[in-house]
Amino acid sequence: MNEELIVHGIEWTLKELFVYPNEYIYWSIQIVMYPYMTGLVAGAFVLSSLYHVFGQKQLKEIAEFSLVFSLALLPVAALPLLLHLQQPMRAMEPLLTPHFTSAIAAFGIVFTLYGLIVVSEIWFVYRAYFVAQIDNLQGAPGFWNAMRRGVYRALTFGARDVSPEALSVDKKAAKILAGVGIPVACFLHGYAGFIFGSVKANALWMSPLMPVIFIMSAVVSGIALCMLTYIIIMEWQAFRQRRRGGAVAARETKGAEVEIITQSTRYLLGFLIAAISLELLDLIFRGYTAMKSWDILRSVMYGKDFLNIFVLQYGLGNLVPFVLLVLPGRTMKRTVVALLLVLFGVFMMRWNVVIGGQAFSLSFSGYMHYHIPIIPHSLETFKEGVFGALTVIATPFVLFWFINKFVPSLGRKVQQS
Amino acid sequence: MTCSRRDFLKEAVGGTLVASLPLSAFTILSPEEAKAAIAEAKVRWAFLVDTRKCIGCGLCVTACKQENDIPFDAPVTRTWVERYVVTKDGQTHADSPMGGRDGFIDDKIRDEEIAPEDIAKAFFVPKLCNQCDNPACVQVCPVGATYQTHDGVVLVDRDWCIGCGYCIMACPYGVRFFHPEHKVADKCNFCYHRITKGMEPACVQSCAFGARRIANLRDPDDPVTKIITTERVAVLKDEYGTKPHVFYLGLDANVR
């Protein structure tokens, strides 16, 4: 097709019945990824705060991990937005000339504020560790060690006081930051819900419940991802230790801690119930009030998107993992399966909101179908296709691997001994 | 003068914060400009569509595309014409192939043949940006790239739009799209470059049947304003509270 005729959205939109000429699926997979990743960030942070603020001691290990993991997830929350913009070079404009009647305008500010909170909390939690590393690496041979020591020196910002008083100040600061961070994390994500919920032109999105639903499902997905990554990493470390053989301390071979998982699961289930209740309330309310848009909404929800909404999201993504987690005699493997399904369920919820909201025309007399580009043949079909989404999913793990080199968040005791 | 490291850092952070206050965000207005901004504008552009006169030839769409540099064969358009065929069984059939650019030369609607004896009524409805008084698109633009002029027209700044698509999502009328070449949001602006110079919009000028007309609502002697104020006109989708300013004569309840 002639370059000038390629209209944004035309490559993945299929129209059915009467749709206005300019209507396409303008918000595609990256806008599904945006609330999904933001939700993971917010959820990971809330999980870490359960320990730092509310003193849930069983969660200590996973709390440190999820704090660092939320830092790795943080840049990735903005990545989908960048990939989605038609003018990515102008991405800084919302910060330079924010137009505050727009929900998106505050994103840069909330996001930056939240980033500062996460980074400073990590700094306070790890400062003593940084100082210890400077001493440990003193005179260690090799360029790599010298470089690491340089990085740790820089990371302390010259604050090398590790007296008990100084450490207690650190702890207090981390606690305050974690406390402030919870509302900010909820705001960051609740307002992602507001971006959708406030679009009065879209019959599916417009709902004051949207921000709350988003927060609840965000916490669900964040906890699930942290638990999953935690289990995988711990089991992998234990597996490697066992393979190496020799006299290994019992603690090191144990893998993921059962109490941590049990406790986290309890929170996960609580938030999951809250999320589902709100979503069902929203659905029932729409059906009962049956406004002008209900006819087309019903045909989308109970017809065209039935599989996506009721089978994949509510069934496979919510009900099945719920049963798996509640049934007695839970094993680690079953937990992993349940967590994967929970993550999938939250993803489907985002999908059904973003793509489902564009599945019907503003004329209420036609439909649009989204065909996600798989094999890219242009930058746009890469960015807004399967591979663009996979890039977004993979990035936090790469970042975590890198950050974890300097800020180890798992099995710290093992390394120190 | 001594300065501890702590003090230095404190002052440096404070100084940076103060210096980074975006002074450029404030504009100093001259007395004339301030007066012009407060005083009520002498012009409020509005549009009148007489659906009873439209024959669906699509010349307005062609004229618009040429006047405003919208790629001719791209399936997006600033203005379009919809065809409605209401059959005797109460069904509404509607279409707008290529925005009605080439006229409606085929009797079939989406490959469906409708027998003439089954038709209860049929008509055409031209559509364009409603230049709302309370525009949802302006409200949601995160950078202020789309804005309302003092005479009521909503414009897009092509050099400042980031292409997020929020305005496209926010418009209940579906008039917005991404320009295939400029990669920014685009929409009808009543040919602002023409109407501010005393000319008619391209679609108005090209309509041989007088189905499209432009009005200045602040001018009581404007003949089109007289029609809008004295006859029974309707607007599209007023339930969204956007206060649209494209008025319709002979608007049918079946129009979406």
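If you read the protein sequences in the order shown, they are chains A and B.
Take the working numbering: the last position of the first sequence gets the number 418, and nothing is skipped along the way.
Take the working numbering: the last position of the second sequence gets the number 1362, and nothing is skipped along the way.
C-beta atoms are modelled at their ideal positions from N, C-alpha and C, and glycine is treated no differently.
What you are looking at is a predicted structure, and each value in this text was computed from that prediction instead of being measured.
### Query
Apart from the five residues just before and just after Ser-1126(B), which ones in its own chain have a Cβ nearer than 7 Å to its Cβ?
In the second sequence, the residue the question calls residue 1126(B) occupies position 20. None.
### Query
If you drop the 5 nearest sequence neighbours on each side, which residues of the same chain put their C-beta closer than 7 Å to that of His-372(A)?
Along the first sequence, one-based indexing puts residue 372(A) at 371. The answer, listed in chain order, is Trp-13 and Leu-15.
### Query
Can you tell me whether DSSP reads Asp-136(A) as helix, strand or coil?
In the first sequence, residue 136(A) corresponds to position 135, counting from 1. Assignment of Asp-136(A) by DSSP, reduced to helix, strand and coil, places it in the helix class.
### Query
Taking buried to mean at least 16 other C-beta atoms within 10 Å of its own C-beta, is Tyr-303(A) buried or exposed?
What you label residue 303(A) is simply residue 302 of the first sequence in a count that begins at 1. Residue burial annotation: Tyr-303(A) is exposed, with fewer than 16 other C-beta atoms found within 10 angstroms of its C-beta.
### Query
Applying a beta-carbon distance threshold of less than 7 Å, which residues of chain B neighbour Val-237(A)?
The residue you call residue 237(A) lines up with position 236 of the first sequence. According to the sequence displayed, residue 237(A) carries Trp and not Val. Within 7 Å Cβ-Cβ: nothing; Trp-237(A) doesn't reach chain B, min ~40 Å.
### Message
Any beta carbon of chain A sitting closer than 8 Å to that of Val-1281(B)?
### Response
Taking the second sequence and counting its residues from 1, the one referred to as residue 1281(B) is at position 175. At least one C-beta of chain A is nearer than 8 Å to the C-beta of Val-1281(B).
### Query
Would DSSP call Gln-417(A) helix, strand or coil?
The residue labelled residue 417(A) in the question sits at position 416 within the first sequence. The predicted model places Gln-417(A) with a pLDDT of 42, which falls under 50 and marks its position as unreliable; any figure quoted below should be read in that light. Looking at Gln-417(A) - three-state DSSP - the assignment turns out to be helix.
### Task
Counting only the same chain and skipping the five closest in sequence on each side, list residues whose C-beta sits under 7 Å from that of Ala-250(A).
In the first sequence, counting from the first residue as 1, residue 250(A) sits at position 249. Only weak support is given to the placement of Ala-250(A): the predicted model assigns it a pLDDT of 48, under 50, and the value that follows is read from those uncertain coordinates. Result list for Ala-250(A): empty, nothing under 7 Å.
### Query
Any idea what DSSP makes of Glu-280(A), helix, strand or coil?
For the purposes of this step, residue 280(A) is taken as residue 279 along the first sequence, with counting starting at 1. Residue state, collapsed to three classes: helix.
#### Entry: Beta-bridge pairing of Pro-1232(B) - partner residues as DSSP gives them
Here the question's residue 1232(B) lines up with position 126 in the second sequence. Val-1187(B), per the DSSP bridge assignment.
### Query
Is there contact between the stretch 167–175 of chain A and the stretch 123–136 of chain A, where contact requires at least three CB pairs shorter than 8 Å?
Under the three-pair Cβ rule at 8 Å, the stretch 167–175 of chain A counts as touching the stretch 123–136 of chain A.
#### Entry: Helix, strand or coil at Glu-381(A) [DSSP, three-state]
On the first sequence, position 380 is the one that residue 381(A) refers to. Secondary structure at Glu-381(A): helix, using DSSP grouped into helix, strand and coil.
### Message
I'd like to know if the stretch 307–324 of chain A and the stretch 194–213 of chain A are in contact, where contact means that at least 3 CB-CB pairs between them fall below 8 Å.
### Response
The stretch 307–324 of chain A vs the stretch 194–213 of chain A: no contact.
### Query
How would you list, in chain order, the residues of chain B whose beta-carbon sits under 8 Å from the beta-carbon of Pro-95(A)?
Looking up residue 95(A) in the first sequence gives position 94. In chain order: Pro-1248, Val-1249 and Ile-1268.
### Query
Which chain A residues sit within Cβ distance under 8 Å of Thr-1183(B)?
The sequence position of residue 1183(B) within the second sequence is 77, counting from 1. Pro-22 and Asn-23, listed in chain order.
### Task
Report the rounded CA-to-CA distance for Ser-418(A) versus Ser-29(A), giving the unit in angstroms.
Here the question's residue 418(A) lines up with position 417 in the first sequence. Here the question's residue 29(A) lines up with position 28 in the first sequence. Because the pLDDT of Ser-418(A) is 34, which lies under 50, any placement of that residue in the model is unreliable, and the number read from its coordinates should be weighed accordingly. If I take the Cα positions, the gap works out to 49 Å.
### Task
List the residues of chain A whose Cβ lies closer than 9 Å to the Cβ of Asp-1263(B), in chain order.
Counting from 1 along the second sequence, the entry for residue 1263(B) is found at position 157. The premise fails here: Asp-1263(B) is roughly 10 Å from chain A at the closest Cβ pair, so nothing lies under 9 Å.
### Task
Taking only beta carbons into account, state which residues of the stretch 1322–1354 of chain B come closer than 9 Å to chain A, listed in chain order.
Residues passing the 9 Å Cβ filter: Lys-1343, Glu-1345, Tyr-1346, Gly-1347 and Thr-1348.
### Task
Can you pull the chain A residues whose beta carbon is under 9 Å from the beta carbon of Pro-1137(B), in chain order?
On the second sequence, position 31 is the one that residue 1137(B) refers to. By Cβ distance, chain A contributes nothing, its closest Cβ being about 26 Å from Pro-1137(B), past 9 Å.
### Against chain B: residues of the stretch 97–116 of chain A by CB proximity under 8 Å
Within the stretch 97–116 of chain A, the residues whose Cβ lies closer than 8 Å to some Cβ of chain B are Leu-97, Thr-98, Pro-99, His-100, Thr-102, Ser-103, Ala-104, Ile-105, Ala-106 and Phe-108, listed in chain order.
### Query
Which residues mark the beginning and the end of the alpha helix (DSSP H) in which Gln-1254(B) is found?
Position 148 of the second sequence holds residue 1254(B). Where Gln-1254(B) is concerned, there is no enclosing alpha helix (DSSP H), although the beta strand (DSSP E) around it starts and stops at 1252–1254.
### Message
Here's a check: name, in chain order, each residue in its chain whose Cβ is nearer than 7 Å to the Cβ of Gln-264(A), leaving out the five neighbours to either side.
### Response
Taking the first residue of the first sequence as position 1, residue 264(A) is located at position 263. Contacts found: Gln-57, Gln-59 and Leu-60.
### Message
Run through chain A and tell me which residues come within less than 8 Å of Asp-1257(B), C-beta to C-beta.
### Response
As a position in the second sequence, residue 1257(B) is number 151, starting the count at 1. Simply none; closest approach about 21 Å.
### Query
Straight-line CA distance for Thr-254(A) to Gly-180(A)?
Sequence index remark: in the first sequence, residue 254(A) carries index 253 (1-based). Sequence index remark: in the first sequence, residue 180(A) carries index 179 (1-based). Note on Thr-254(A): pLDDT 46, under 50, position unreliable in the model; no value is reported.
### Query
Mind checking if Arg-1362(B) is an interface residue toward chain A, Cβ cutoff 8 Å exclusive?
Residue numbering aside, residue 1362(B) sits at position 256 when the second sequence is read from its first letter. So yes, Arg-1362(B) belongs to the interface.
### Task
Starting from the C-beta of Leu-1301(B), find all residues in its chain whose C-beta is less than 7 Å away, skip the five residues before and the five after it, and write them out in chain order.
One-based indexing of the second sequence puts residue 1301(B) at position 195. It is worth fixing the name first, because residue 1301(B) is Ile in this sequence and not Leu. The answer, listed in chain order, is Trp-1151, Pro-1307 and Ile-1320.
### Message
For the structure I just gave you, are there three or more beta carbon pairs, one from the stretch 223–234 of chain A and one from the stretch 336–355 of chain A, closer than 8 Å?
### Response
Touching, per the Cβ criterion.
### Query
Whole-angstrom Cβ separation of Ala-64(A) and Leu-51(A), contact assumed at under 8 Å?
Taking the first sequence and counting its residues from 1, the one referred to as residue 64(A) is at position 63. Taking the first sequence and counting its residues from 1, the one referred to as residue 51(A) is at position 50. Right, their Cβ atoms sit about 7 Å apart.
### Task
Please state whether DSSP places Ile-196(A) in a helix, a strand or coil.
For the purposes of this step, residue 196(A) is identified with residue 195 of the first sequence, where counting begins at 1. In the structure shown, Ile-196(A) sits in a helix (DSSP, three-state: H, G or I).
### Residues of the stretch 331–362 of chain A whose Cβ lies closer than 7 Å to any Cβ of chain B, in chain order
Here the close residues number zero.
### Task
Using alpha carbons as the reference points, say which of Ala-275(A), Ala-291(A), Ala-45(A) and Thr-102(A) lies closest to Ser-199(A).
For the purposes of this step, residue 199(A) is taken as residue 198 along the first sequence, with counting starting at 1. Nearest option by C-alpha distance: Thr-102(A).
### Message
I want to see whether chain A comes within less than 8 Å of Lys-1227(B), judged by CB atoms only; does it?
### Response
Start at 1 with the first residue of the second sequence, and residue 1227(B) comes out as number 121. Not an interface residue.
### Partners in chain A for Ser-1202(B), counting only beta-carbon separations shorter than 7 Å
Against the second sequence, residue 1202(B) aligns to sequence position 96. Those within 7 Å of Ser-1202(B) in chain A are Pro-22.
#### Entry: Val-312(A) classed as buried or exposed, judged by whether at least 16 other C-beta atoms fall within 10 angstroms
In the first sequence, residue 312(A) corresponds to position 311, counting from 1. Val-312(A) is exposed by the Cβ-count criterion.
### Message
Once the 5 residues before and after Val-1398(B) are set aside, which same chain residues still bring their CB inside 7 Å of it?
### Response
No answer is possible for residue 1398(B): it lies beyond the span of chain B, which begins at 1107 and ends at 1362.
### Query
Is the shortest distance between the beta-carbon of Ile-1176(B) and the beta-carbons of chain A less than 8 Å?
As a working mapping, residue 1176(B) is identified with position 70 in the second sequence. Answer no: the Cβ-Cβ gap between Ile-1176(B) and chain A never drops below 8 Å.
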